[in-house]
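Numbering (this note's numbering), first residue to last: 1284 to 1692. The beta carbon of each residue, even a glycine, is placed where N, CA and C say it ideally should be.
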Amino acid sequence: MEFGFTAEQEKLRKEIHDFFRDELPEDYNPSMAGLSRADKESEDFADEFHKKAVARGYPSAGWPKKYGGLGFTAIEQGIIGEEMAYWGVMWTGGMGYGLVAPVILSVGTDEQKQRFVPPIARGEVTCFECFTEPDAGSDEANVKLRAVPDGDYFVLNGQKTFITAWHKPDWLYTLARTADTIPKHRGLSLFMVPADAPGLTYRALPCMGGVQTVEIFYDNVRVHKDNLIGELNRGFYAAMATFEFERAGGGQEPRKGMQRLVQFCREEKRNGKPLIQDSEMRDILAQRAMEMEVLWLSHWYGLWRRTQREKLGPQPYDNTALLGKKFRPLDGNALMDMFGLDGQLKDNSDYVKYEGSTARSWELAHLLHPVGSLEILQNVIAYRGLGLPRIPRQFNTMISEALAKESSQ
Ligand SMILES: Cc1cc2nc3c(=O)[nH]c(=O)nc-3n(C[C@H](O)[C@H](O)[C@H](O)COP(=O)(O)OP(=O)(O)OC[C@H]3O[C@@H](n4cnc5c(N)ncnc54)[C@H](O)[C@@H]3O)c2cc1C
């Protein structure tokens, strides 16, 4: 498989590459996951950088012009994504760009598209993806947060958990139960809930690798019926579309980080010889480079498939997210193998040699649940890609019961 780009697309790539090169600080470390918001200074920088990118329309480039996009194709938007991956950049409010707006553009009404999408494109509002609950993670259909109609409103009660929270939200993109149905997934609906609505409370839930998540409690939260996204009781399908956008977006690795690592191995010596001459190091680097290539191909295949949707139909599954979790070319496990005990040092240690946050990368490498766990992503490929039989319902019930029992102990 060989992907090529037109002269126009190469010109666009150069423009974006130059933008990142000129705007990011010289000592910017792409091995860290995205722009760090760890302190006030880095937070201000991330916001300023985001504003400049928004002024050029990059984060929403693939949307129609009338909703604040640049009307780019999936390939052109992919070029922006690839440059972001090269530099290790994420947009502030990525969920609005990556998931919420694309789903509203697919299933929302014209009024909703006008109301929600342009403010996201202008970088004025940010969204949280509020799907997971204590008893509804992999088993999304088990969502229990309830939305009951009351005149022109729905009243929401329940809890969400593990919601990624890098910044203050404006909207909670919330999956809720609107009917008790068999099968369960036919009774769910999707709402845009104002994040400051009375009755909402937030509790921090820090995760490994410094990832910030929150628990959110909904106590008689009133949401206007105009904020129901898509059809009543069809929310599960919109949620699946959300996952498609989310999973297709993942998997790319910071190539610049790889270049930096190779450069480090050229300069750093062990037993008097540069690390790069050590056969074990060469093996690890070669393996990493191959994995990076496989991810690259998988990512572009998914995007190309999207441009061929009319001819080929929807892609039954996209394995980029799975490969992205299995192959983390710069993951901490590999760096630990390379640097041994040194790898356990935190970035701020005076003794750290490869200031690529090995310890943090190691923690992040073990964060495998966001965007669906490894097992769930493999199940999707088994059912949809390979046509293997689904797990009989009673086994799914057994798994859910065992998980519920374990979490209550
Ligand atoms: C850092 C972080 C950020 C997150 N951000 C968000 C967010 O922004 N929004 C949001 O809605 N959610 C978010 N999540 C939640 C994430 O989507 C869930 O953790 C994930 O869906 C798994 O659900 P669970 O944690 O309930 O695990 P469970 O579903 O309880 O699964 C536990 C284990 O059992 C396995 N398992 C479960 N069912 C099966 C099955 N049928 N077959 C085989 N194996 C199975 C799983 O693979 C897993 O290993 C985040 C999670 C983390 C850790």
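Three-state secondary structure assigned by DSSP to residue i
i       : result
GLN1692 : coil
GLY1376 : coil
TRP1454 : strand
LEU1686 : helix
LYS1636 : coil
GLU1697 : Residue coverage of the chain in this structure runs from 1284 to 1692, which leaves residue 1697 outside it and unanswerable.
PHE1414 : coil
ALA1665 : helix
GLU1480 : Contrary to the premise, residue 1480 reads as Ala rather than Glu in this sequence. Three-state DSSP puts ALA1480 in coil, outside helix and strand.
ILE1465 : coil
LEU1295 : helix
ILE1659 : helix
VAL1426 : coil
ALA1521 : helix
ILE1512 : strand
LYS1629 : coil
ALA1344 : coil
ARG1460 : strand
ARG1553 : strand
ALA1316 : Low confidence applies to ALA1316: its pLDDT is 42, below 50, so where it sits in the model is not reliable enough to give any reading.
ARG1530 : helix
PHE1302 : helix
ARG1673 : coil
Enclosing alpha helix (DSSP H) for residue i [first to last residue]
i       : result
ASN1440 : From DSSP, ASN1440 is part of no alpha helix (DSSP H) but of the beta strand (DSSP E) over 1436 to 1447.
ILE1403 : 1393 to 1404
ARG1588 : 1562 to 1590
ALA1604 : 1603 to 1609
TYR1369 : 1357 to 1370
ARG1326 : Sequence inspection shows Glu at residue 1326; the Arg mentioned does not correspond to that position. 1323 to 1338 is the span of the alpha helix (DSSP H), which, as asked, contains GLU1326.
GLN1546 : 1538 to 1550
GLU1622 : Correcting the residue type first, residue 1622 is Phe in the shown sequence and not Glu. It spans 1615 to 1622 - the alpha helix (DSSP H) in which PHE1622 sits, taken as one unbroken run.
CB-CB length for residue i against residue j, believed under 8 Å
i       : j       : result
LYS1608 : LEU1657 : 6 Å
ASN1602 : ILE1664 : 6 Å
ARG1530 : VAL1426 : With 8 Å as the limit, ARG1530 and VAL1426 do not qualify as a contact, their Cβ atoms being about 19 Å apart.
TRP1423 : ALA1524 : With the sequence shown as reference, residue 1423 is identified as Glu, and Trp is not the correct amino acid for it. With 8 Å as the limit, GLU1423 and ALA1524 do not qualify as a contact, their Cβ atoms being about 12 Å apart.
HIS1300 : GLU1407 : Not quite, the Cβ-Cβ distance comes to about 27 Å (not below 8 Å), so this is no contact.
VAL1476 : THR1457 : 5 Å
ASP1561 : ARG1553 : 6 Å
ILE1499 : LYS1443 : 4 Å
GLY1482 : TYR1501 : 6 Å
ARG1673 : TYR1666 : 6 Å
ASP1479 : CYS1410 : The Cβ separation is near 13 Å, so there is no contact.
MET1619 : ARG1571 : Their Cβ separation, rounded to whole angstroms, is 13 Å, which puts MET1619 and ARG1571 out of contact at 8 Å.
ASN1516 : ALA1462 : 5 Å
LEU1382 : PHE1528 : 5 Å
THR1590 : THR1356 : 6 Å
GLY1551 : LYS1636 : Inspection of the sequence shows that residue 1551 is occupied by Glu rather than by Gly. Rounded, the Cβ-Cβ distance is 7 Å, consistent with contact.
LEU1660 : LEU1605 : 4 Å
Range of the contiguous beta strand (DSSP E) that encloses residue i
i       : result
SER1472 : 1471 to 1477
LEU1488 : 1483 to 1489
THR1496 : 1495 to 1507
PRO1385 : It is not in any beta strand (DSSP E) - PRO1385 instead sits in the alpha helix (DSSP H) that spans 1384 to 1390.
VAL1431 : 1429 to 1433
Decide if the region 1485 to 1493 is in contact with the region 1436 to 1443; the criterion is three or more beta carbon pairs, one per stretch, under 8 Å apart. no
How do the region 1375 to 1388 and the region 1444 to 1457 stand: do at least 3 beta-carbon pairs fall below 8 Å, yes or no? yes
Segment contact, 8 Å Cβ cut-off, at least three pairs: the region 1397 to 1412 with the region 1327 to 1346: yes
Please determine if the region 1499 to 1506 and the region 1465 to 1484 are in contact, where contact requires at least 3 C-beta pairs separated by less than 8 Å. yes
Three or more C-beta pairs under 8 Å: does that hold for the region 1302 to 1312 against the region 1327 to 1341? yes
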